[in-house]
Amino acid sequence: MREDTYIFRSAIGDTGFESGIHYWEIIADSRTENEIKIGVTKRLDIDLKTSFSDYPTGWAFYGLGQLRHCDGANGPKFGKAFKRHGILGVMLNMTKG
Numbered sequence: 015m016r017e018d019t020y021i022f023r024s025a026i027g028d029t030g031f032e033s034g035i036h037y038w039e040i041i042a043d044s045r046t047e048n049e050i051k052i053g054v055t056k057r058l059d060i061d062l063k064t065s066f067s068d069y070p071t072g073w074a075f076y077g078l079g080q081l082r083h084c085d086g087a088n089g090p091k092f093g094k095a096f097k098r099h100g101i102l103g104v105m106l107n108m109t110k111g
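Under the numbering used here, the first residue of the sequence shown carries the number 15, and numbering increases by one thereafter.
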């Protein structure tokens, strides 16, 4: 099924992290039509129709090759674009921050 409009979809885990180092992988395939934002947020009281990284409590890697925090449109370049293929490893280091 092809998406007719660009909308945000958020998935929020059911386990919080307060310490340690955590790693997970995101696998993209041909169904990944739009850019992906992958990251973490410290709060759950966000509007799920917006991006969690638009808030001061959210941090993300945006699939165009940018880091995002507290801004819906700008971020420093980081890594390379990630959209329709590949595996993106995500490491959350609660020790270093």
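Glycine included, each C-beta is placed from N, C-alpha and C at the ideal position. All of these numbers come straight from a predicted model, not from anything done at the bench.
Using the three-state DSSP reduction, which class does residue i fall into: helix, strand or coil?
i               : result
phenylalanine 9 : Any property of residue 9 remains undetermined from this structure, which presents the chain solely from 15 to 111.
lysine 51       : strand
Grab the span of the beta strand (DSSP E) containing residue i for me, first residue to last.
i             : result
arginine 82   : 80-82
threonine 29  : Element bounds for threonine 29: n/a, residue is neither H nor E.
tryptophan 41 : First, the residue type needs correcting, since residue 41 is isoleucine and not tryptophan in the sequence shown. Isoleucine 41 -> beta strand (DSSP E) spans 35-42.
asparagine 88 : Here asparagine 88 belongs to no beta strand (DSSP E), and DSSP marks it neither H nor E.
leucine 106   : 100-107
threonine 64  : Where threonine 64 is concerned, there is no enclosing beta strand (DSSP E), given that its DSSP letter is neither H nor E.
For residue i versus residue j, is the C-beta distance shorter than 7 Å?
i            : j          : result
glycine 53   : serine 65  : no
alanine 42   : glycine 79 : no
arginine 82  : glycine 93 : no
threonine 55 : glycine 30 : no
Our contact map puts residue i next to residue j with C-beta atoms below 8 Å; I'd like the distance itself, whole angstroms only.
i             : j             : result
glycine 77    : isoleucine 60 : Glycine 77 to isoleucine 60, Cβ: 19 Å. No contact.
isoleucine 35 : threonine 109 : 7 Å
glycine 103   : tyrosine 37   : 7 Å
serine 44     : arginine 98   : 6 Å
Are there any heavy atoms of the ligand NAP lying less than 6 Å away from the beta-carbon of residue i, as far as the coordinates show?
i           : result
leucine 106 : The ligand content of the structure shown is nil, which means the ligand NAP is not present either.
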